Amino acid sequence: NAGVTQTPKFQVLKTGQSMTLQCAQDMNHEYMSWYRQDPGMGLRLIHYSVGAGITDQGEVPNGYNVSRSTTEDFPLRLLSAAPSQTSVYFCASSRGTAAYTEAFFGQGTRLTVV
Amino acid sequence: AQSVTQLGSHVSVSEGALVLLRCNYSSSVPPYLFWYVQYPNQGLQLLLKYTSAATLVKGINGFEAEFKKSETSFHLTKPSAHMSDAAEYFCAVSDGDNTDKLIFGTGTRLQVFP
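Respectively, the protein sequence lines represent chains A and B. Per this note's numbering, numbering through the first sequence is continuous, rising by one, with the last residue being 148. Per this note's numbering, numbering through the second sequence is continuous, rising by one, with the last residue being 121.
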């Protein structure tokens with residue numbers, strides 16, 4: 035079972051570059067989300083989606099874009115990378131709303147912006 | 008908005024000793040509460056969750072947590088620590104205004120010494 039797959043696992047970007055972090059799940063989950071994890075700050079919600087074609091902002095959305103064209107995929111785009119976006123990014127999916135069902139996490143993408 | 012506070016960013020115990028990881032929530036209504044575990048270089052995995060069915064919740068790997076409304080607490084315990092319990096533990100709460108969102112604490116890193 036693949037579960038939630040994130041690519042790439044590691045990435046180094048120069049300031050101002052753009053890139054897309056990929057996230058795919060094979061569990062037919064409606065709900066997907068992106069978090070960033072920074073030391074001493076836990077996980078903070080960037081964007082989330084409750085189904086294909088529907089996205090909404092989380093706690094720290096600035097500098098990131100998302101789209102949800104299919105149930106399986108939920109890519110996160112960095113428009114113009116900044117050193118403050120150096121972080122570990124996690125994608126998660128769940129069958130229903132996060133409050134009622136277990137969220138399954140990918141293994142993370144470690145991003146460094148220089 | 009809901010929030011959770013985890014007291015102690017690092018906890019160290021000896022193998023076989025009691026594990027106690029503290030979590031307090033802020034909520035004016037009974038929340039949905041969760042504990043997740045993150046092993047090194049992996050994503051998060053659900054340990055247990057409270058959804059108002061029972062105040063004492065049992066999870067995987069021998070962990071349990073007790074919901075105490077009077078203390079607004081949801082502390083995680085395990086009677087006897089094992090070396091394999093070494094990981095980072097996150098308390099989380101569902102956003103009362105929008106149950107699609109999970110709000111995470113800052114995490115507690117558990118070290119287990121032989």
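Glycine included, every Cβ here is placed at the ideal spot set by N, Cα and C. Since we're looking at a predicted model, the values are computed, not measured.
For B:K75, the three-state secondary structure derived from DSSP is strand. Distance from the Cα of A:G37 is smallest, within the candidate group A:T54, A:L145, A:L55 and A:H63, for A:H63. Looking at B:A88, B:P38 and B:P47, the one whose alpha-carbon comes closest to that of B:L28 is B:A88. When the Cα atoms are used, B:T113 and A:G74 turn out to be separated by approximately 6 Å. Scanning chain A for C-beta atoms nearer than 8 Å to the C-beta of B:F97 yields G76 and L77, reported in chain order.
Between B:L53 and chain A, the shortest Cβ-Cβ separation is below 8 Å. Between the segment 76-84 of chain B and the segment 116-131 of chain A, the count of C-beta pairs closer than 8 Å stays below three; the two stretches do not touch. In the three-state scheme derived from DSSP, where H, G and I count as helix and E and B as strand, B:G114 is classed as coil.
For the segment 137-148 of chain A, the set of positions with a beta-carbon nearer than 7 Å to some beta-carbon of chain B reads A137, F139, G140, Q141 and G142 in chain order. Here the C-alpha atom of A:A58 lies approximately 7 Å from the C-alpha atom of A:Q40. In this model, A:Q45 and B:W42 are separated by some 29 Å (Cα to Cα). DSSP, read as helix, strand or coil, puts B:N68 in helix. Listed in chain order, the non-local C-beta contacts of B:T62 below 7 Å within the same chain comprise E73 and F74, local neighbours out to five positions each way being set aside. Annotation: A:Q51 to A:Y98 spans about 13 Å, alpha carbon to alpha carbon. The continuous beta strand (DSSP E) containing A:G85 extends over residues G76 to G85. With a beta-carbon spacing of about 7 Å, A:R70 and A:V94 fall inside the 8 Å limit used to define contacts. Burial is judged here by how many other beta carbons sit within 10 angstroms of a residue's own beta carbon; A:M66 has at least 16 and is buried. The Cβ atoms of B:P86 and B:L25 lie closer than 8 Å to each other.
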